[in-house]
Structure formats: C-alpha cells, structure tokens
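Working notes, structure below.
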Amino acid sequence: MKYLLQTELRNFVKFLKKSPLSHLPIFYFSLHLLLAYLNVL
C-alpha cells in the first residue's frame, strides 16, 4: 500500500512539473486532501 502511494506521489510530482502555474490551486487542494487521507491511515 505504501509503495503504491509513493508511486502515485512521484507521478503526481512529474505531472506538476509539466503543468502550468494555473494548476497550483488544484495542486494545493489535492495535497491537502492527500495529507488528510494519510492522517486517516
């Protein structure tokens, strides 16, 4: 499970580096959700 999550995060970071700055609010929102999800685990 943890490995899968790390792979997802890596792909997410790769996607972010390619995306324009207009995606930043979405990024922060997603990150917030991800952290909340991790706290539940």
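Mapping the sequence shown onto numbering that gives the first Met the number 0, position 31 (from 1) lands on 30, and the numbers just tick up by one. For every residue, glycine included, the Cβ atom is placed at its ideal position computed from N, Cα and C.
Can you grab the Cα-Cα spacing for the pair residue i / residue j, in whole Å?
i, j, result
"LEU15", "PHE26", "8 angstroms"
"LEU4", "LYS17", "20 angstroms"
"TYR2", "LEU37", "13 angstroms"
"VAL39", "PRO24", "23 angstroms"
"LEU30", "GLU7", "12 angstroms"
Are any of the Cβ atoms in chain B nearer than 8 angstroms to that of residue i?
i, result
"GLU7", "Looking for chain B here will not work: only one protein chain is present."
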